[in-house]
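A short write-up of the structure that comes next.
Numbering (the numbering used here), first residue to last: 5 to 169.
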């Protein structure tokens, strides 16, 4: 029997600075296509068509309020989240590297309560998302460049070429 290699932990970096030990939670963007429905004459039902990628959002929750992160609001800085997976049969680990770029749009200070943790939650509106697994690229999505490479296939390459880009 084979056990799954589960994500056991993660580290986070913003603009190359590590927030290990301070980051409580990281949320990667959901990959989702924007779809249009089409049913032409002679078709027995509608089919969906790929109309591009839906907006992506990432979040990072920290145990403290680092001033250098609060002042990211309204700026563009890269964030890297590095989850690591491990199985049950050996001590090897799988490395995932998620590189995210975009605009920092939300700084949520949470509710102030005496005797309670008051985390800081940051939200990044993502326009660049690249994921690697053990050094191999799984995908790279660059919204501004019109680039969507999934499993080594540039899904938008011919479209860019047709537009003269």
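Just so it is clear, CB atoms sit at the ideal spot from N, CA and C, and this is done for glycine as well.
For this session: Decide if residue 3 is buried, meaning its Cβ has at least 16 other Cβ atoms within 10 Å, or exposed.
Result: Because the chain here runs from 5 to 169, residue 3 falls outside it and cannot be looked at.
Problem set entry | alpha helix (DSSP H) segment containing residue 71, residue limits | Along the chain shown, one-based indexing puts residue 71 at 67. That run of the alpha helix (DSSP H) goes 71-74.
For this session: Inspect the beta-carbon positions of residue 131 and residue 148 and report whether they are closer than 8 Å.
Result: Here the question's residue 131 lines up with position 127 in the chain shown. Here the question's residue 148 lines up with position 144 in the chain shown. Taking 8 Å as the Cβ cut-off, residue 131 and residue 148 qualify as a contacting pair.
For this session: To the nearest angstrom, report how far apart residue 54 and residue 142 are at their CA atoms.
Result: Numbered from its first residue, the chain shown carries residue 54 at position 50. Numbered from its first residue, the chain shown carries residue 142 at position 138. For residue 54 and residue 142, the distance between alpha carbons rounds to 20 Å.
Exercise. Under 8 Å between the Cβ atoms of residue 14 and residue 86?
Worked result: Position 10 of the chain shown, counted from the first residue, corresponds to residue 14. Position 82 of the chain shown, counted from the first residue, corresponds to residue 86. With respect to the 8 Å criterion, residue 14 and residue 86 are classified as neighbours on the basis of their beta carbons.
For this session: Return helix, strand or coil for residue 58, following the three-state DSSP convention.
Result: Taking the first residue of the chain shown as position 1, residue 58 is located at position 54. In the structure shown, residue 58 sits in coil (DSSP, three-state: anything other than H, G, I, E or B).
Exercise. Between which two residues does the alpha helix (DSSP H) containing residue 24 stretch?
Worked result: Taking the first residue of the chain shown as position 1, residue 24 is located at position 20. Element bounds for residue 24: n/a, residue is neither H nor E.
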